[in-house]
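Here the protein sequences line up with chains A and B, keeping their order. Using the working numbering, the first residue of the first sequence is number 1, and each one after it goes up by one. Using the working numbering, the first residue of the second sequence is number 1001, and each one after it goes up by one. Think of the CB as a built atom: it goes at the ideal place given N, C-alpha and C, for glycine as much as any other residue. The block underneath contains the structure these notes are about, expressed in structure tokens.
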Amino acid sequence: MSTSHGIVVDGLSRSFGEVHAVRQASFEAKPGQVTALIGPNGSGKTTLMLMLASLLAPDAGTISVAGHDPLTDAESVRRQIGWMPDILGSWATLSVRTTLEITGALYRLPKAQAAQRAEELIQLVGLGELANRPTRVLSRGQKQRLSLARALVHDPSVLLLDEPASGLDPVARIELRQLVRRFADEGKTVLVSSHVLAELDEMSDTAVYLNHGITASDESIENAKATSRAWRLKATDMTALRAGLLKAGILDTNITIDRNELLVTLSGETEAAALLAALVASNVPISTFAPAVGDLEHAFLDLSKGASA
Amino acid sequence: MSNFFAGVGTILSLELRQRVRGVAAWVLLGIFVVLVALVTAAVWVGLSGFGQEAGAGAGIYSTVIYFVLLLGTLVSPALSGNAINGDRDAGTLATTQVTLVSTWQLLLGKFFAAWLTALAFLVVSVPFLLISLFAGDIYWDTILVSLVILAVELAVVAAAGVGLSAIISKPLFSIVATYLLVATLSVGTLIVFALGGLTTQSETTNSYTYSADGSGDDCGPPEVTTYNVPRYDYWWGVLAANPYVVLADATPSNFDSSGNPEDVFSAFKVGVRTVQIVPDLETSYDECASNNSDNYYDYPTGEEIVAQTVPSWFVGLIIHVLLGAGLMVWGWARTRTPARLLTKGSRIA
């Protein structure tokens, strides 16, 4: 693998007629990291991915993918990127193996190498039993795996995964997560988009928030993270927990009961750390102390609120 | 350069592998073989009744070639007319474009696949062409030129289909547009020619001098009648764009010793050349003329007509090739990535 520069996007805009799909998007995705691309439906995630994949030309702004500009040197970009689109198309009459072999040929791999690579990828994504069946018999989740395998044929250094987990069963999701982590550990740049924030939370190192085509600035993300949020607390002795909270100076109005747990509104990580220390110091038998919503979800909801306000 | 053709070859084999798996293509070829067999038999029986000098060979050969052109141009739009937008609908276009295959490789691969499929009709008709060789004398130049022109015409339809499939976003519309293009050239040119001739008519004067007793004496004043004739000679150029005319006009003609055409190509050629001749707008018949030789219009033979008129096939062929190539270039501009312009409502992926 050549030295990877990851993805650098600056002031990127693209509109379709009156619709401004992406406007002023700027972010960086570094090699060795999984970067989550987060945004509501229609926020411009797919349009952004298409521009990174050298399929769509931006109206304004610059892109650098693995050190190359898709607009002037699409071929160099294409050698380096593996793109998994959000729609599932496949050559219906061809088998899984043939699909991967032909994709290899399209990437100019020699025949033997393409066949070997196809076999590796079939094993990697777990389509062994279906390798010689036509792709039209695949289920949605199986097509999703084929799509991932196709994106990996030429061992790209930058992966653009658009909704890779949709349609996957829980086991396959966990496998995907491990796979994505492995790619990052190998030094690849991974950009993943998804609506399922909890899932992205588990695999991503950093996140890019896209709303109405605009990326949120680092500053607003930090602000969003710092806003007060609910923490989920549980103890073997709930009465002692409530007493401990009041003793630590938490207002009664900031405590709500959620099933057999307590939700406590705290202003940020610092306050949370201080509270936990206080609770432990007063010997509360605490068993759960965690944010009620994931980091990404919290920031995302907060930013969405900010944008619509 | 070898990389370029390797990419075209990959797309070509990808297209053929997907298409050949379809039962429909084989059924179609089967029906075609049966039709050609029937036509061959009919022409053979029909022509041998006339006791032609050259036998039925040339007649069978030219009929089969025309039949391949007819079927090829009827089937090709359905095969090539959704090459690009069909892939886009199936979600396989963008995943192909994101590989190292260039837009030209993609378009040319699909073009060659459509062309080869159309040429398959020619391949399965080879047995019947061989029969025609046994049935009589056919000249090699006739075979060579007609095959080349046939192949080029099928290529034009394939290119137009692929080009239109890249220009128009809906597969159904691009297939229909390709059919309309074929129909415009094959039938539309005939309609324009016929209507054009009828709308531009010239008055023809005919004077007829009677001889009362038929002896040549006692002649009265000539009786003058006028009537209108359609001026097809103004419109023959339209026919140059007709693929059937191009095929006939380009192929070297064969005439028997009386100057009559021996095959369908030559017959068509005589037909389209005849309309070039400017009609005589003043005719006369004088029974009292000292000798009657002036009265008998010496009708030229087919061979003489061809010899005294101008060929137009290269004009038609150039128009066709430019049309096919132009649509391919336009299609390329619409398919090229990174895309700047998208058709309204279309998704790139």
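In whole angstroms, what is the alpha-carbon distance linking residue i and residue j?
i: V1008 of chain B; j: S193 of chain A; result: 33 Å
i: L275 of chain A; j: P291 of chain A; result: 13 Å
i: A103 of chain A; j: V153 of chain A; result: The amino acid occupying residue 103 of chain A in the given sequence is Thr; Ala does not appear at that position. Their backbone Cα atoms lie some 7 Å apart in a straight line.
i: L1153 of chain B; j: L1069 of chain B; result: Note that residue 1153 of chain B is Glu in the sequence shown here, rather than Leu. Looking at the two C-alpha atoms, the distance is approximately 8 Å.
i: G1271 of chain B; j: D1089 of chain B; result: 46 Å
i: Y1139 of chain B; j: A1056 of chain B; result: 13 Å
i: G167 of chain A; j: A92 of chain A; result: 19 Å
i: D155 of chain A; j: Q1105 of chain B; result: 23 Å
i: W1313 of chain B; j: L1247 of chain B; result: 7 Å
i: A172 of chain A; j: A25 of chain A; result: 32 Å
i: A309 of chain A; j: L303 of chain A; result: Caution applies to A309 of chain A, whose pLDDT of 41 falls short of 50 and renders its modelled position unreliable; the value that the coordinates give is listed next. Those two C-alpha atoms are separated by around 10 Å.
i: L55 of chain A; j: D1233 of chain B; result: 53 Å
i: S90 of chain A; j: I1305 of chain B; result: 58 Å
i: A277 of chain A; j: T288 of chain A; result: 13 Å
i: A112 of chain A; j: F1111 of chain B; result: 27 Å
i: I286 of chain A; j: A299 of chain A; result: 27 Å
i: I63 of chain A; j: M49 of chain A; result: 11 Å
i: Y1061 of chain B; j: A1166 of chain B; result: 36 Å
i: P1127 of chain B; j: V1315 of chain B; result: 32 Å
i: I1143 of chain B; j: I1277 of chain B; result: 28 Å
i: L1116 of chain B; j: F1005 of chain B; result: 16 Å
i: E175 of chain A; j: L146 of chain A; result: 14 Å
i: I257 of chain A; j: A240 of chain A; result: 14 Å
Whole-angstrom Cβ separation of residue i and residue j, contact assumed at under 8 Å?
i: G1353 of chain B; j: P1230 of chain B; result: Residue 1353 of chain B is absent from the model: chain B starts at 1001 and stops at 1349.
i: S1258 of chain B; j: S1266 of chain B; result: Their Cβ separation, rounded to whole angstroms, is 13 Å, which puts S1258 of chain B and S1266 of chain B out of contact at 8 Å.
i: A1241 of chain B; j: I1319 of chain B; result: 5 Å
i: E28 of chain A; j: G6 of chain A; result: 7 Å
i: V1238 of chain B; j: V1192 of chain B; result: 5 Å
i: A53 of chain A; j: I81 of chain A; result: 6 Å
i: V180 of chain A; j: R229 of chain A; result: The pair is not a contact, with the Cβ atoms about 26 Å apart (cut-off 8 Å).
i: L138 of chain A; j: L130 of chain A; result: 6 Å
i: R242 of chain A; j: M203 of chain A; result: Rounded, the Cβ-Cβ distance is 36 Å, inconsistent with contact.
i: I1011 of chain B; j: G1091 of chain B; result: I1011 of chain B to G1091 of chain B, Cβ: 17 Å. No contact.
i: L1354 of chain B; j: A1135 of chain B; result: Because chain B here runs from 1001 to 1349, residue 1354 of chain B falls outside it and cannot be looked at.
i: L1164 of chain B; j: L1327 of chain B; result: 6 Å
i: L1107 of chain B; j: T1274 of chain B; result: With 8 Å as the limit, L1107 of chain B and T1274 of chain B do not qualify as a contact, their Cβ atoms being about 41 Å apart.
Go through its chain and collect everything with a Cβ distance to residue i's Cβ below 6 Å, but skip five positions before and after it.
i: L161 of chain A; result: M84 and V192
i: A226 of chain A; result: G268
i: G1072 of chain B; result: A1118, F1121 and L1154
i: V1124 of chain B; result: L1029 and V1033
i: V1245 of chain B; result: L1239 and V1272
i: D1141 of chain B; result: P1252
i: K1225 of chain B; result: In the sequence on display, residue 1225 of chain B carries Thr and not Lys. Excluding positions up to five away in sequence, the list reads N1206.
i: H68 of chain A; result: S76 and V77
Skipping 5 residues on each side, what residues in its chain have a beta carbon closer than 8 Å to that of residue i?
i: Y1227 of chain B; result: E1203, T1204 and N1206
i: D169 of chain A; result: G141
i: A978 of chain B; result: Nothing can be reported for residue 978 of chain B, as the shown portion of chain B is limited to 1001 through 1349.
i: F1067 of chain B; result: L1035, V1036, V1039 and S1125
i: A74 of chain A; result: S54
i: R133 of chain A; result: S95 and V96
i: T1301 of chain B; result: F1255, S1258, G1259 and N1260
i: A1074 of chain B; result: First, the amino acid is wrong: residue 1074 of chain B is Leu here, not Ala. Closer than 8 Å at Cβ, skipping near neighbours: V1182.
i: S1186 of chain B; result: T1073, N1242, P1243 and Y1244
i: G1331 of chain B; result: I1084, L1107, V1162, G1163, L1164, S1165, A1166 and I1167
i: A122 of chain A; result: Here residue 122 of chain A turns out to be Ile, not Ala, going by the sequence shown. Closer than 8 Å at Cβ, skipping near neighbours: V96, R97, L100, G128, A131 and A149.
Who are the Cβ neighbours of residue i in its own chain at under 7 Å, not counting the five residues just before and after it?
i: R23 of chain A; result: S13, G213 and I214
i: P1077 of chain B; result: V1157, G1161, I1175, T1178, Y1179 and V1182
i: L1119 of chain B; result: A1151 and L1154
i: Y107 of chain A; result: V153 and H154
i: I1168 of chain B; result: N1085, S1174 and A1177
i: L296 of chain A; result: A36, I38, L197, L200, D201 and A207
i: A57 of chain A; result: L71
i: V1043 of chain B; result: A1056, G1059, I1060 and T1063
i: M238 of chain A; result: none
Handout entry: Validate contact between the segment 242 to 252 of chain A and the segment 1005 to 1021 of chain B using beta carbons, cut 8 Å, 3 pairs
Key = no
Handout entry: 3-residue-minimum beta strand (DSSP E) runs that sit fully inside the segment 176 to 237 of chain A, ordered along the chain
Key = 189 to 193, 206 to 211 and 229 to 235
Practice task
Assess, as a yes-or-no matter, whether the segment 114 to 129 of chain A is touched by the segment 35 to 54 of chain A under the definition of 3 or more beta carbon pairs within less than 8 Å.
Solution key: no
Problem - Contact the segment 1268 to 1284 of chain B vs the segment 1199 to 1208 of chain B: 3+ CB pairs below 8 Å - result: yes
Problem - At least three beta-carbon pairs within less than 8 Å, the segment 87 to 102 of chain A to the segment 1099 to 1111 of chain B - result: no
Practice task
Could you tell me whether the segment 13 to 22 of chain A touches the segment 180 to 189 of chain A, where touching means 3 or more Cβ pairs closer than 8 Å?
Solution key: Fewer than three pairs of CB atoms, one per stretch, sit closer than 8 Å, so the segment 13 to 22 of chain A makes no contact with the segment 180 to 189 of chain A.
Problem - Meets three-Cβ-pair contact criterion under 8 Å: the segment 256 to 267 of chain A and the segment 233 to 241 of chain A - result: yes
Exercise for the section: Could you tell me which uninterrupted alpha helix (DSSP H) segments, each at least 4 residues in length, are contained entirely in the segment 1241 to 1265 of chain B, listed from first to last along the chain? Expected result: 1243 to 1250
Practice task
Closer than 8 Å, Cβ to Cβ, to anything on chain E: give me those residues from the segment 92 to 104 of chain A, in chain order.
Solution key: No chain E appears in this structure, whose protein chains are A and B.
Handout entry: In chain order, each alpha helix (DSSP H) run of at least 4 residues that lies wholly inside the segment 121 to 177 of chain A
Key = 140 to 152, all fully within the segment 121 to 177 of chain A.
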